[in-house]
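Engineer: Numbering (the working numbering), first residue to last: 1 to 406. Glycine included, every Cβ here is placed at the ideal spot set by N, Cα and C. Note that the structure is predicted; figures quoted are calculated from it, not measured.
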Amino acid sequence: MTREFIRTIPKSDLHVHLDGSLRLETLIELASDQGITLPSATPEGLRETVFKDRYADLAEYLKGFQYTCAVLREKDSLERAGYELALDCFAEGVRYIEPRFAPQLHVTERLSLQEVLQSVDRGLARAKSEINARPSIQSGEEPPFDYGIIGCALRKFDERFSPYYKDFVACHRYSPLPQVYPLASLELVRALVTIRDKAGIPIVGFDLAGEERGWPANVHRKAFEFAHQHFLKKTVHAGEAYGPSSIFQAITQCYADRIGHGTHLFASDLVEHIPPSERDAYTRALVHYIADRRITIEVCPTSNLQTIPTIHSMEEHPVGKMIAEKLSITLCTDNRLVSHTTVCDEIEKTLKTFSISPHDLREIIIYGFKRSFSPLPYAEKRAYVRRIIDYYEKVEEKFESARDVS
């Protein structure tokens, strides 16, 4: 399972933040055009000051988003971001992506929430059209490229986050901020459903991101209930900065179809709501439930190493245990720019660290497509996944034959 094999097999990325995955050169160009000052005007300088290989903590990791979000408040820049992300993913063999972002971070007086979503979709659709016009895809030799969009709500925010949030906080100035956060989530999910249904944009999911500890997902349960009632699939950032209880809450109270990160799934010591003597049993039951229901975990190893201080090396990452427990997982980037990673990088790191058989890798890859929130009707999605499996097997045969010859 060489790097070339990893690059050639069809892959997905179900957890990739649009605003964390800009090209550095694009960020610099957009900032210059829009009169936004960056800490450096060169890629090398930004890698030294903002987008580092290692971060001291989550706060430092998130620092770069103030710059990427700032340049993504124009139609053209949002379209470009979607277009370039799709091309960058396809260049490493990724055939399906679900870019997620918080539209409320990009709304301005000149740009509505619907226009934000339409702009990103326009860029993704243009890239999809160009990619799928290739002869090898047109002939059926290779599977096509596709995407769906996930809208993110934030667990907490303040008026500094964006012009939209500034206005939202002002409109609810007489309410305590913790009561305002779920109102913004509910407004967002209502907009996502309306825009999906009326504008035809492939909005496939609803997510909740942001500071996890102290800001439980169930506060936003009305938003998730609305999504659930309107057939919008759900994923929740959970178990990244908090323990199994957060994952349990996402599944049972927020109807989560998938879990973002899930890094602390096995951390019984972080279960706080029951006596210590019962915590191991609680965690084992949760793991069994997730495995049995095939609730897929969007695992982002590099990002976790950069933001979770208790994980010091790849060897300590729980993805190895997740695979051993036969959980449904998919390997994702989280943020291609901020984490300096690609899907190929995530797969290669995991293969080098843990004993993963070709069968296990194939299962991980295929689950990324099976458990996607694809906008295709179910019969068409099944056919698409079948094409992915057939192509994967063809790549396997090609590389096995080359190895036998050598």
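Could you tell me if SER357 is buried or exposed, where buried requires 16 or more neighbouring beta carbons within 10 angstroms of its beta carbon?
Structural biologist: Taking the first residue of the sequence shown as position 1, residue 357 is located at position 357. SER357 comes out exposed.
Engineer: What's the C-alpha gap between VAL71 and LEU124?
Structural biologist: Within the sequence shown, numbered from 1, the residue matching residue 71 stands at position 71. Within the sequence shown, numbered from 1, the residue matching residue 124 stands at position 124. Cα to Cα, VAL71 sits roughly 18 Å from LEU124.
Engineer: Taking 8 Å as the cut-off, does the segment 8-20 touch the segment 91-105 (at least 3 CB pairs, one atom from each stretch)?
Structural biologist: With a cut-off of 8 Å, the segment 8-20 and the segment 91-105 count as touching, because enough Cβ pairs lie within range.
Engineer: What do you reckon, are the CB atoms on LEU22 and LEU337 nearer than 8 Å?
Structural biologist: To locate residue 22, count along the sequence shown from 1; it is residue 22. To locate residue 337, count along the sequence shown from 1; it is residue 337. Yes.
Engineer: First and last residue of the beta strand (DSSP E) that includes LYS11?
Structural biologist: Translated into the one-based positions of the sequence shown, residue 11 becomes position 11. Looking at the DSSP string, the run of the beta strand (DSSP E) that includes LYS11 is 11-17.
Engineer: Alpha carbon to alpha carbon, how far is ILE251 from LEU327? Give it in angstroms, no decimals.
Structural biologist: Translated into the one-based positions of the sequence shown, residue 327 becomes position 327. Translated into the one-based positions of the sequence shown, residue 251 becomes position 251. Each residue's Cα considered, the two are about 15 Å apart.
Engineer: In the DSSP assignment, find the beta strand (DSSP E) that holds GLY368 and state where it starts and stops.
Structural biologist: Position 368 of the sequence shown holds residue 368. Note, GLY368: premise wrong, no beta strand (DSSP E); alpha helix (DSSP H) at 358-370.
Engineer: Does DSSP put LEU305 in a helix, a strand or coil?
Structural biologist: Position 305 of the sequence shown, counting from 1, holds the residue named residue 305. Correct three-state label for LEU305: helix.
Engineer: Let's test the definition: count the other Cβ atoms within 10 Å of the Cβ of GLN249 and tell me whether it reaches 16, buried, or not, exposed.
Structural biologist: By one-based count along the sequence shown, residue 249 stands at place 249. Looking at its Cβ environment, which holds 16 or more other Cβ atoms inside 10 Å, GLN249 is buried.
Engineer: What did DSSP end up calling LYS198 once you bin it into helix, strand or coil?
Structural biologist: If you number the sequence shown from 1, residue 198 lands on position 198. In the structure shown, LYS198 sits in a helix (DSSP, three-state: H, G or I).
Engineer: Tell me, which residues are paired with SER298 by DSSP?
Structural biologist: For this step, residue 298 is matched to residue 298 along the sequence shown. The question names Ser, but residue 298 is Glu in the sequence shown. Note: GLU298 sits in a beta bridge opposite GLY260 and THR330.
Engineer: Tell me which residue opens and which closes the alpha helix (DSSP H) that GLY320 is part of.
Structural biologist: Within the sequence shown, the letter at position 320 stands for residue 320. From DSSP, the alpha helix (DSSP H) with GLY320 extends over 319-324.
Engineer: Consult DSSP for ARG95 and reduce its assignment to one of helix, strand or coil.
Structural biologist: In the sequence shown, counting from the first residue as 1, residue 95 sits at position 95. Residue state, collapsed to three classes: strand.
Engineer: Quick one: using the 10 Å Cβ neighbour count with 16 as the cut-off for buried, is PHE373 buried or exposed?
Structural biologist: Position 373 of the sequence shown holds residue 373. Under this definition PHE373 is a buried residue.
Engineer: May I ask you to list the residues that DSSP assigns as paired with VAL116?
Structural biologist: Looking up residue 116 in the sequence shown gives position 116. DSSP lists no partner for VAL116.
Engineer: Please say whether ILE290 and ARG258 have beta carbons closer to each other than 8 Å?
Structural biologist: Here residue 258 refers to the residue found at position 258 of the sequence shown. Here residue 290 refers to the residue found at position 290 of the sequence shown. No. Outside cutoff.
Engineer: So the beta strand (DSSP E) PHE206 belongs to, where does it begin and stop?
Structural biologist: Reading the sequence shown from its first residue, position 206 is the one you call residue 206. Its beta strand (DSSP E) spans residues 203-209.
Engineer: Is HIS237 closer than 8 Å to GLU272 when the C-beta atoms are compared?
Structural biologist: Here the question's residue 272 lines up with position 272 in the sequence shown. Here the question's residue 237 lines up with position 237 in the sequence shown. It is not a contact, given that the beta carbons lie outside the stated cut-off.
Engineer: Is the number of C-beta pairs between the segment 181-197 and the segment 216-234 that are closer than 8 Å three or more?
Structural biologist: Yes, the segment 181-197 is in contact with the segment 216-234.
Engineer: With DSSP as the reference, label LEU265 as helix, strand or coil.
Structural biologist: Position 265 of the sequence shown, counted from the start, is the residue given in the question as residue 265. Coil, per DSSP.
Engineer: Give the straight-line distance between the Cα atoms of THR49 and PRO39, rounded to the nearest whole angstrom.
Structural biologist: Here residue 49 corresponds to residue number 49 of the sequence shown, with the count starting at 1. Here residue 39 corresponds to residue number 39 of the sequence shown, with the count starting at 1. If I take the Cα positions, the gap works out to 7 Å.
Engineer: Could you give the residue range of the alpha helix (DSSP H) that holds GLU59?
Structural biologist: In the sequence shown, counting from the first residue as 1, residue 59 sits at position 59. Residue identity check: residue 59 is Ala in the sequence provided, not Glu. Segment 58-62, the alpha helix (DSSP H) holding ALA59.
Engineer: Assuming GLN104 contacts ALA184 under a Cβ cut-off of 8 Å, what Cβ separation, rounded to an integer in Å, is found between them?
Structural biologist: For this step, residue 104 is matched to residue 104 along the sequence shown. For this step, residue 184 is matched to residue 184 along the sequence shown. The pair is a contact, with the Cβ atoms about 7 Å apart (cut-off 8 Å).
Engineer: List the whole-angstrom C-beta distance separating LEU30 from GLY82, where the pair is believed to meet the contact cut-off of C-beta under 8 Å.
Structural biologist: Within the sequence shown, residue 30 is the residue found at index 30, counting from 1. Within the sequence shown, residue 82 is the residue found at index 82, counting from 1. The Cβ separation is near 13 Å, so there is no contact.
Engineer: So, helix, strand or coil for CYS254, using DSSP?
Structural biologist: Your numbering for residue 254 matches position 254 in the sequence shown. In the structure shown, CYS254 sits in coil (DSSP, three-state: anything other than H, G, I, E or B).
Engineer: Locate the alpha helix (DSSP H) running through ALA281, then write down its first and last residues.
Structural biologist: The residue you call residue 281 lines up with position 281 of the sequence shown. 276-293 is the extent of the alpha helix (DSSP H) around ALA281.
Engineer: When the distance is taken between beta carbons, is GLU98 closer than 8 Å to ILE150?
Structural biologist: Counting from 1 along the sequence shown, the entry for residue 150 is found at position 150. Counting from 1 along the sequence shown, the entry for residue 98 is found at position 98. Yes. Within cutoff.
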